[in-house]
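Enquirer: No gaps in the numbering here: position 70 of the sequence shown is 69 in numbering that gives the first Met the number 0, and each next residue is one more.
Note that the Cβ used here is the ideal one computed from N, Cα and C, for glycine as well.
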Amino acid sequence: MKFFYHFTAPRAWATLLNIRIPPQKTLPDVLSRPEVRQLLAAVRTRHNRAYLWTVYACGLRLNEGLHLQVADLDSQRMMLHVHRGKGAKDRFILLPQELLAMLRRYWLEHRNPRWLFPALGRGRNQGGVADKPMAEASVQGAWKRVVDQSGLAKSVSIHTLRHSYASHLIEAGVGLRRVQQLLGHSSLQTTARYLHVTEPGGEHTRQIIDQLMQGVGAALDAGWADLSEVGRIRVH
């Protein structure tokens, strides 16, 4: 249309020339719950596995997960405090019971007083004294290897775990506004991309989020520290 009026019927069509077709926003690929479990169970190292489970079970962005601190775990309220997410906004996220237990067991392996996912060093034994979190390249590489070996015909990144979290909550009937709060979206329109199921929900959000990790603890924690020491981790 713009070509016609510009070359065939030349006039001062200033308004028309300023029209821009908005880019199409397609829903990103999401993983099914069985696919999530299959991929995360295949992650070889426990520090990468614990990190990736946290990203999925809390719907985190990559760097939000990397910069979590021990003090961000609130075991009394069963909440996770995310500091300065996108847009420099803080938010609280419901913390699944099994994820908290997994993180406690993982913490017993490094005992870093600050970082939940500390840089472990070349020998993977420097986590207790690390002054910075795990490197992005480490988890990106671990995730890419697992995805490549899986043969999935989907475009899958670590951020796909966040997309999957949102999709699974909405499919289970959690209300769109509640999902928006958990993801930290400024606009409800952004969250609406995941609107596969439109029935209202939200009153059972806690149970649904707990179910994201239900039954995976025993399978993933083989060889981890003695559970009798779990209660010694200090969380606020």
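1) Could you check what DSSP says for Met77 in three-state terms: helix, strand or coil?
2) Taking a contact to mean a Cβ-Cβ separation below 8 Å, would you say Tyr50 touches Val178 in this structure?
3) Pull the bridge partners of Pro132 from the DSSP assignment, please.
4) What are the start and end residues of the beta strand (DSSP E) that includes Arg90?
5) Please classify Val215 as buried or exposed, where buried requires at least 16 other C-beta atoms within 10 Å of its C-beta.
6) CB Pro132 to CB Ala118, shorter than 8 Å?
7) So for Leu51, helix, strand or coil by DSSP?
8) Grouping DSSP H, G and I as helix and E and B as strand, with all else coil, what is Leu72?
9) Can you find at least 3 beta carbon pairs, one from the segment 107-114 and one from the segment 57-69, that sit closer than 8 Å?
10) Could you give the distance in angstroms between the alpha-carbon of His162 and the alpha-carbon of Arg121?
11) Assess contact between the segment 140-155 and the segment 165-175, defined as three or more Cβ pairs (one per stretch) separated by less than 8 Å. Is contact present?
12) Please state the DSSP three-state secondary structure of Thr44.
13) With distances taken between CB atoms, is the gap from Thr159 to Asp73 smaller than 8 Å?
14) Apart from the five residues on each side of it in sequence, which residues of its chain come closer than 6 Å, Cβ to Cβ, to Asp208?
15) Between the Cα of Gly58 and the Cα atoms of Leu107, Tyr105, Thr44, Met78, which residue gives the shortest distance?
16) In angstroms with no decimal places, state the Cα-to-Cα distance between Trp142 and His109.
17) Thinking C-beta only, is Leu211 closer than 8 Å to Ala100?
18) What did DSSP end up calling Val35 once you bin it into helix, strand or coil?
19) Would you identify the three-state DSSP class for Ser163, choosing helix, strand or coil?
20) Relative to the C-alpha of Arg32, which candidate in Ala171, Val128, Trp106 has its C-alpha closest?
21) For Thr44, does the count of other Cβ atoms within 10 angstroms reach 16, so buried, or fall short, so exposed?
22) Alpha carbon to alpha carbon, how far is Arg36 from Gly150? Give it in angstroms, no decimals.
Expert: According to the structure shown:
1) Start at 1 with the first residue of the sequence shown, and residue 77 comes out as number 78. Residue state, collapsed to three classes: coil.
2) Within the sequence shown, residue 50 is the residue found at index 51, counting from 1. Within the sequence shown, residue 178 is the residue found at index 179, counting from 1. In this structure, Val178 does not lie closer than 8 Å to Tyr50 by Cβ.
3) Locating residue 132 in the sequence shown gives position 133, where the first residue counts as 1. Note: Pro132 sits in a beta bridge opposite Pro117.
4) Taking the first residue of the sequence shown as position 1, residue 90 is located at position 91. From DSSP, the beta strand (DSSP E) with Arg90 extends over 90-93.
5) Sequence index remark: in the sequence shown, residue 215 carries index 216 (1-based). The residue is buried, with at least 16 neighbouring Cβ atoms inside 10 Å.
6) Position 133 of the sequence shown, counted from the start, is the residue given in the question as residue 132. Position 119 of the sequence shown, counted from the start, is the residue given in the question as residue 118. Closer than 8 Å, so yes.
7) For the purposes of this step, residue 51 is identified with residue 52 of the sequence shown, where counting begins at 1. DSSP, read as helix, strand or coil, puts Leu51 in helix.
8) Stepping through the sequence shown from its first residue, residue 72 is reached at position 73. Reduced to three states, the DSSP call for Leu72 is strand.
9) yes
10) The count along the sequence shown starts at 1 and reaches residue 162 at position 163. The count along the sequence shown starts at 1 and reaches residue 121 at position 122. For His162 and Arg121, the distance between alpha carbons rounds to 32 Å.
11) no
12) To locate residue 44, count along the sequence shown from 1; it is residue 45. Of the three classes helix, strand and coil, the one that applies to Thr44 here is coil, per DSSP.
13) Along the sequence shown, one-based indexing puts residue 159 at 160. Along the sequence shown, one-based indexing puts residue 73 at 74. In this structure, Asp73 does not lie closer than 8 Å to Thr159 by Cβ.
14) Your numbering for residue 208 matches position 209 in the sequence shown. Strictly speaking, residue 208 in this sequence is Ile, with Asp absent from that position. The answer, listed in chain order, is Leu93, Pro95.
15) Counting from one through the sequence shown, the residue named residue 58 turns up at place 59. It is Met78 whose Cα lies nearest to the Cα of Gly58.
16) As a first step, residue 142 is located in the sequence shown; it is residue number 143 there, counting from the start. As a first step, residue 109 is located in the sequence shown; it is residue number 110 there, counting from the start. C-alpha separation (whole angstroms): 22 Å.
17) As a position in the sequence shown, residue 100 is number 101, starting the count at 1. As a position in the sequence shown, residue 211 is number 212, starting the count at 1. No, they are not a contact pair.
18) The residue given as residue 35 occupies position 36 in the sequence shown. Assignment of Val35 by DSSP, reduced to helix, strand and coil, places it in the helix class.
19) What you label residue 163 is simply residue 164 of the sequence shown in a count that begins at 1. Annotated three-state conformation of Ser163 is helix, per DSSP.
20) On the sequence shown, position 33 is the one that residue 32 refers to. For the residues Ala171, Val128, Trp106, the minimum Cα distance to Arg32 belongs to Ala171.
21) Along the sequence shown, read from residue 1 onward, the residue named residue 44 stands at position 45. Thr44 comes out exposed.
22) As a first step, residue 150 must be located in the sequence shown, where it is residue number 151. As a first step, residue 36 must be located in the sequence shown, where it is residue number 37. Going by the C-alpha atoms only, they are around 15 Å apart.
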